[in-house]
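Yeah, the first sequence ends on 193 if you go by the working numbering, and it's all consecutive.
The beta carbon of each residue, even a glycine, is placed where N, CA and C say it ideally should be.
Since this is a predicted model, take the numbers as computed values, not measurements.
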Amino acid sequence: MLSREFYERPTLDVARDLLGKVFVRRIDNISLKGRIVEVEAYIGEDDPACHARFGQTNRNRVMYGRGGVAYIYFIYGMYDMLNYVTEPEGNAAAVLIRGIEPVEGIETMMQLRNCDNIANLTNGPGKICQAFSLDTSHSGTDLTGGEMLVTEGDDSGFEIATSSRIGIKNGTDRQWRFYIKGNAFVSRL
DNA sequence: GTCCTGATGTGCT
DNA sequence: GCACATCAGGACA
């Protein structure tokens, strides 16, 4: 599995390097696995789209902690979003997981999402949290522990595309979204 | 396929 | 009060 050192690096490097890696979540004796195909970086109090732009709050507290921890927040009164905290303690930064290609536990994911179309299962940040049964109670979970982790995957043989981040109004000048070119589970073009 | 709307918790400018 | 790192469903075409 990926170590603390992997996450406690500059966020843009972590974001790009996460593409092709495999997210694993264990629920009882079921494993849910998926390959990360789309991410976005949110970096520090100076990033006008980052939750840390107003300083530390209850909601964003774990972003200020050590890297290699899940930051999950609730938005639009309805959806949860999965992020991985990056950089050493004190630097508020994280990578949003926006697109995942299902690998294992697909039947369970479909039940959790009440969805019978694989193409629509995990191609978006809200969908990913439903498919992997994640909510804010999992925020702060260590990704180098056992319940949730990220492993090496097939992270060669694809091209990385870059764009502005999705769904934000400020900070669109920063090209901090990265995705695997041509992958079907990227949330949008 | 496109466009529009409603769902509604959290933190704020 | 209002914006917000979203999504599903309906009205079209």
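Taking each of L116, R57 and V41 in turn and checking the Cα distance to I47, the smallest one comes out for R57.
Taking the CA atoms as reference points, T61 sits about 36 Å from I110. The continuous alpha helix (DSSP H) containing T15 extends over residues T15 to L22. In the DSSP assignment, K37 falls within the beta strand (DSSP E) that extends over I34 to I47.
A distance of 8 Å or more separates the beta carbons of R20 and F136. For Y183, the secondary structure class from DSSP, reduced to helix, strand or coil, is strand. In the DSSP assignment, I132 falls within the unbroken alpha helix (DSSP H) covering P129 to A135. With a 10 Å radius around the Cβ and a threshold of 16 neighbouring Cβ atoms, M85 comes out buried. If you look at Y83, you'll find it isn't in any alpha helix (DSSP H); it sits in the beta strand (DSSP E) that goes Y83 to V89. Using a 10 angstroms sphere on the CB of N87, the tally of other CB atoms reaches 16 or more, which defines it as buried. For R29, the three-state secondary structure derived from DSSP is strand. Burial check for Q179: the Cβ neighbour count within 10 Å stays below 16, so the residue is exposed. In this structure the segment 184-191 lies against the segment 126-135, because at least three pairs of beta carbons, one per stretch, are closer than 8 Å.
Between E49 and A96, the CB-CB gap stays under 8 Å. The distance from the Cβ of V107 to that of G38 is about 5 Å, consistent with a contact at the 8 Å cut-off. Straight through space, the alpha carbons of L193 and T145 are spaced by roughly 31 Å.
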